[in-house]
Every structure is written in structure tokens, then in C-alpha cells.
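Have a look at the structure below before the remarks.
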Amino acid sequence: MPLPKLLKRPAAPAPGEPAPMHPVEAAAEAGITVVDWIDERTQLSQGLRWMMFRKVPKGINWAYTLGSATMFAFLNQAVTGVFLAMYYRPDVNGGAYESIRNINDNVFLGQFVHGMHKWGASVMIVLIFLHMGRVFFFGAYKYPRELTWIIGVVLLILTLAMGFTGYLLPFDQRSYWATIVGVNINNTAPFLGPYIGDFLRGGPEFGATTLSRFYAIHMMLIPGIMAALIGFHLYLVTKLGISAPPWLKAHEPEAVQEVVEV
Amino acid sequence: MPGAFEGETVTRRRFMTAVTHSAGGIAAAAFGLPALGFAIGPIFKRQPFEWQIIGTPADFTEDNYATKVITIVAGIGEAGKSIAYVRKRNPQIDTEPHDQWNNYIALSSRCMHLGCPVRYVEAAARFVCPCHGGVYNFRGEVAGGPPVRPLDRFYTYVPPVGHPGHGYIYLGPRYSVNSELERFSPRDPGEPLDGIGQYLYPSRFDTPVRPSIANLPLPPTVPGVGS
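So the protein sequences, as listed, match chains U and Z. Quick note: the first sequence uses the numbering used here, first residue 1, plus one each step. Quick note: the second sequence uses the numbering used here, first residue 263, plus one each step.
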């Protein structure tokens, strides 16, 4: 049986004619054309080059990847969270617990994705503190990177708030009482405490809207703020460059070292 | 004004900037403020609380607590229920002033440390919290551990003879007490009421009024009993 015409080696071009393109080459060419078309109008490749091919100091090591690791933990939480939301029902009258049970017992890969979200939350907290420890002990928070540190601290607080609001969502006994205790800890702040508690619960008692309130804060309010702040954090990291490890001696440029004859 | 046309006090560019910024600010406030008010509204909302029947005088004694399931928030199933420990007032023990609201002593099961559910241990005549070891004596006063004030209480009401609901014990809204068992509007756990505590933790705007006893919910009539 003869090969299909598409896969055959093209016949040698007649003299003076351009060689016909092999289909694979043509496909690659088309891809490049599309990317070029977009890039000509957006100039995104400049930004990518600026971000990905920047200079880094000598002596950096694996500890410098902890920030990226934290970001991937965040992305994991975002992706698994979006898909969990497709099956979750924030119904305080037993529906929330039932929907989680359904995710775990019936939905294809449900227990796995729920597990990724649940354990990923702890992984993210651990990675944040390791990243923070690296920055602290390497002195990387010093001038001019103070603002990067401050945004990082805000991100840490927001991540803890994500942990607090997410803990209620399975709506089992542990969730319920942990939230009661957590809200009451907020209440103990002088003057403002009682109002913070009322805001969190949506009223003076744990009520019908407490769960949906936590759900909205957990899946829309905080993730949006976090995504924006992570973007700003990364911009600052790229803009300011990363700091060299503290054991690396700074070398003066040779021009400065020149001895001036008197 | 440098850059401005003659007779004008502001440059046109600056005026245009100000107009654009104000328009943007007004537009943002137009949706932002209502949304914010919507989110924090519950802080100011007054929650209705109805009297509920918790039993008949035969259910309660003076020297032991009966456990009663009560409804704190209606319509949300188990999550809106709580437990009250109820006994008859005993003048030998209960030295706080007697009025029509405490013929029966109804204690909230919510621990005043951080809100875990306490349980009554009859052998020790103590309330014990499982979370952080709070202990309360028979009257609900702190006997040990981290709680900052005695257990909260509920108003109880016993309709007199000839009034609707006579023969039943009614449970009303929760109130908080300081270590002298003086009544305060309901506070959340972890908020002390002694000394400057009551000023550090102000009562909420929506402090519920004690509901009227004019329209008590009547017990469901059992078919074949009475008239």
C-alpha cells in the first residue's frame, strides 16, 4: 500500500521554484506566525525576557527557590479550589457536610483533589515560613527590598486568614467548634473585638449566613487580593533583583580599586 | 496662575484632572459604599429572640441540672441548636436578687473562655470544659482554668396561674453576668465583665430587648388531652 501523499517525501523542486514545505515544518511555521502576530501587537516577549532572563548573583542555591515553591502551592490551591467549588454547597443545614462527603466518596478523583487542597494548605504555610526564614537569615529584606518584605508579611497574614476561613467549610464538628473558638479569639481584642466577631459571624450568633460568609471570603475576597499582591511581589523581585547570599564577599569594581598616585 | 489663561484661577489641564478623578471617585463610591454597608450590616442588626418552652416544673429539681436542647438560631437545623442546663432556683444557694426572670436558673453551655461546650459533671457538681480545662461551680461561677467570667444565663419565665402558658417553663434571651452575678447584656466568650472589662468590651449596637411576655408561644395541644 502506498504512503499517503502527505507523508511522502516531496519530490525535488523544479529548478527556480521554492521547495514545498514538509507538513511538520508548515505546522511549526504556522505556530511561529501566530506567536509573532500576538507579540508584534503586545510585545509580551519583552516582559517575559525581562522576568525570566534576568541576572542573578553568584552563589545562589536551592533555598532561593522557596518563593517559587510557595507560589506553586498557591496555584495548586487556586486550581483545586476552583474545581472543588463545582461540587461544594455552602448550606448550613447539613448540605455542606453532605456535599463534602459526596466529593470524597462519589466524585471521580474527588478525595484526591480534596486531599490536594487540604494538605496543600499546610504545605503552603510550611513553605511560606521556610521562604521567610531564608529571606530573614540572608538579610534579603534590607534596603531596597523592605517593601517586598512588607507585602510578603501581608501575604502571610492573608494565607493564615485563608486557613481560618477554609477550616469551616467541611462543616463537621471540628470545623464548627474551631470556628467558634477562632471567632471568639478575635472577640477578645479590646473595643473592636465584639464588632469583628459580629462581622465574621454575620450577627451575634453563629447563624445561617456564617458559612456562606466564610465561603465568599475564602474563595473570592482573599484570593483576589492575594493574586494581586503576589503579582506586585514578583514585580518587585524582578525589578530590584535578588540579593547575594551573605557569605559572598562583595567585589569592588576594578576601576575603584585603582591606586591613585599622589 | 502660571499656565492658565488670563482671568482663570486654575489651568484647564488641572481642572480636567480634578473632574476626572472626582467622577471616578463618585462612581467607585456609588457601588463600593452600599456593598460595604451590605457586608457589615449584621453588626447593627437587632436579632429577634422568641420565648421557647423548655419543659414543665416536674422536669426540674433544685439540686441537679436538667439538660435541655434549645434553639439559638431558628431554621438552620443542628447548627442553630445549643444546650442549656436548667434547675429550679434554690434560695439557699442562689443569693443573687430574686425576680420573675430567675425562678429557674438556666445556664448556657458555652464556655466563657473561648466558647466550647461545657458539660455538667454531677458527681463533682462542676461544669467542665473539654477544650482548655475551664471549670465552673454549681452556680456557674469560675472555679478554675482560663474562663474570664461565670457562665452566661438565660431569662426564664413561669406564667402565673390563669395566664396563657401556665404550667410551662419559658426560656428567653441570653444575658451575661460578672463575678457578682450582676446582669449585663449578652457578650461573647473571652470578654471579662469585672473592673474595666465592661468598658473594654462594649455591648453590641443590637443588644436584644427582652421580648414581651404578652404573646408567649403556646405548647402544641396533644390530641385527646385537656380541651
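Where is the CB? At the ideal position from N, CA and C, for every residue including glycine.
Checklist line | Unbroken beta strand (DSSP E) run spanning V383(Z), endpoints | finding: Start and end: R381 to V383.
Next item on the list: Please specify which runs of the beta strand (DSSP E), each continuous and at least 3 residues long, are wholly inside the stretch 203 to 230 of chain U, giving them in chain order.
Entry: Listed in chain order, nothing qualifies, since the stretch 203 to 230 of chain U has no complete beta strand (DSSP E) run of 3 or more residues.
Next item on the list: Helix, strand or coil for S489(Z), going by three-state DSSP, please let me know.
Entry: Note that S489(Z) scores 44 on pLDDT, short of 50, meaning its location in the model is unreliable and no value can be drawn from it.
Next item on the list: Assuming Y502(Z) contacts Y347(Z) (C-beta within less than 8 Å), just tell me the rounded distance between them.
Entry: Past the boundaries of the shown model lies residue 502(Z); chain Z is included only from 263 to 489, so the question cannot be answered.
Check: Does the count of Cβ pairs from the stretch 192 to 207 of chain U and the stretch 296 to 311 of chain Z closer than 8 Å reach three?
Finding: Taking 8 Å as the limit for Cβ pairs, the verdict is that the stretch 296 to 311 of chain Z does touch the stretch 192 to 207 of chain U.
Note to self: 9 Å is my cut-off, CB to CB: does E98(U) come that close to chain Z?
What the structure shows: It does not: the Cβ of E98(U) has no partner Cβ on chain Z nearer than 9 Å.
Note to self: Tell me the rounded alpha-carbon separation between V183(U) and G427(Z).
What the structure shows: Using only the alpha carbons, I get a separation of about 37 Å.
Note to self: Can you pull out the residues from the stretch 420 to 435 of chain Z whose beta carbon lies closer than 9 Å to at least one beta carbon of chain U?
What the structure shows: For chain U, none of the residues of the stretch 420 to 435 of chain Z brings a beta carbon within less than 9 Å of one of its beta carbons.
Checklist line | Spatial neighbours of M219(U) in its chain, beta-carbon cut-off 7 Å, leaving aside the 5 residues before and after | finding: Annotation for M219(U): G81 and A85 place their beta carbon closer than 7 Å to its own, counting only its chain and skipping 5 residues before and after.
Next item on the list: With DSSP collapsed to three states, give me the class of F267(Z).
Entry: If DSSP states are grouped into helix, strand and coil, F267(Z) belongs with coil.
Note to self: Which runs of the alpha helix (DSSP H) at least 4 residues long sit entirely within the stretch 10 to 77 of chain U? Give them in chain order.
What the structure shows: Correct list: 23 to 42 and 44 to 52.
Checklist line | Local conformation of Q314(Z) per DSSP, three classes | finding: Strand, per DSSP.
Next item on the list: Please check if any C-beta of chain U sits within less than 9 Å of the C-beta of L240(Z).
Entry: Nothing about residue 240(Z) can be read from this structure; chain Z reaches only from 263 to 489.
Next item on the list: List the residues of chain U that G339(Z) touches, going by C-beta distances under 7 Å, in chain order.
Entry: Ordered by position in chain U, the residues that pass the 7 Å Cβ test against G339(Z) are N93 and G94.
Checklist line | Outcome for R41(U) when other beta-carbon atoms lying within 10 angstroms are tallied against a minimum of 16 | finding: Counting other Cβ atoms within 10 Å of its Cβ, R41(U) stays below 16 and is therefore classed as exposed.
Checklist line | Buried versus exposed, by CB contacts within 10 Å (16 or more), H283(Z) | finding: Under this definition H283(Z) is an exposed residue.
Check: Based on Cα-Cα distance, which residue from Y463(Z), V281(Z) and I458(Z) lies nearest to D198(U)?
Finding: Residue Y463(Z) holds the alpha-carbon nearest to the alpha-carbon of D198(U) among Y463(Z), V281(Z) and I458(Z).
Item checked: Coarse secondary structure for R372(Z), derived from DSSP in three states -> Reduced to three states, the DSSP call for R372(Z) is strand.
Notebook entry, point to check: Based on the DSSP output, what are the partners of I332(Z) in its beta bridges?
Noted result: For I332(Z), which the question treats as bridged, DSSP gives the partners S344(Z).
Margin query: Is F164(U) close to chain Z? Criterion is C-beta to C-beta, closer than 9 Å.
Written below: It does not; no Cβ of chain Z falls within 9 Å.
Checklist line | Chain-ordered chain Z contacts of V181(U) [CB-CB under 8 Å] | finding: Going along chain Z in sequence order, the residues near V181(U) (Cβ under 8 Å) are L376, G377, C378 and C393.
Note to self: Three Cβ pairs or more, each shorter than 8 Å: is that satisfied between the stretch 349 to 365 of chain Z and the stretch 319 to 326 of chain Z?
What the structure shows: Taking a cut-off of 8 Å on C-beta distances, the stretch 349 to 365 of chain Z touches the stretch 319 to 326 of chain Z, as three or more cross pairs fall below it.
Check: Going by other Cβ atoms of all chains shown within 10 Å of its Cβ, with 16 needed for buried, is W62(U) buried or exposed?
Finding: Around the beta-carbon of W62(U), fewer than 16 other beta-carbon atoms lie within 10 Å, marking it exposed.
Margin query: Considering only their Cβ atoms, is the gap separating P473(Z) from P435(Z) smaller than 9 Å?
Written below: Contact: yes.
Note to self: Considering just the uninterrupted stretch of the alpha helix (DSSP H) at L158(U), what are its terminal residues?
What the structure shows: Where L158(U) is concerned, the enclosing alpha helix (DSSP H) stretches over E146 to L168.
Next item on the list: Quick one: using the 10 Å Cβ neighbour count with 16 as the cut-off for buried, is S243(U) buried or exposed?
Entry: The residue in question, S243(U), is buried, as its Cβ has 16 or more Cβ neighbours within 10 Å.
Next item on the list: Could you list which residues in chain U have their beta carbon closer than 7 Å to that of D450(Z), in chain order?
Entry: Close to D450(Z), with beta-carbon spacing below 7 Å, are these residues of chain U in chain order: N184, N187, P194 and G197.
Checklist line | Euclidean distance between Cα positions of A301(Z) and I103(U) | finding: Using only the alpha carbons, I get a separation of about 30 Å.
Notebook entry, point to check: For A368(Z) versus L433(Z), is the C-beta spacing smaller than 9 Å?
Noted result: Judged by beta-carbon spacing, L433(Z) lies within the 9 Å limit of A368(Z), meaning their Cβ atoms are closer than that value.
Checklist line | Proximity test, Cβ basis, 9 Å: Y176(U) and chain Z | finding: Yes, Y176(U) counts as interfacial toward chain Z.
Checklist line | Interface residues of chain U facing R466(Z) [CB-CB closer than 8 Å] | finding: What R466(Z) touches in chain U: P194, Y195, D198 and P204.
Next item on the list: Could you tell me whether any Cβ in chain Z is nearer than 9 Å to the Cβ of T42(U)?
Entry: Interface with chain Z (9 Å Cβ-Cβ cutoff): T42(U) is excluded.
Item checked: Cα-Cα separation between P18(U) and D36(U), rounded to whole angstroms -> P18(U) and D36(U) have their C-alpha atoms roughly 23 Å apart.
Notebook entry, point to check: Is the Cβ of S489(Z) closer than 9 Å to any Cβ of chain U?
Noted result: Its pLDDT being 44, under 50, S489(Z) is placed unreliably in this model, and the coordinates cannot settle the point.
Notebook entry, point to check: Would you call the CB atoms of P90(U) and L211(U) closer than 9 Å?
Noted result: Closer than 9 Å, so yes.
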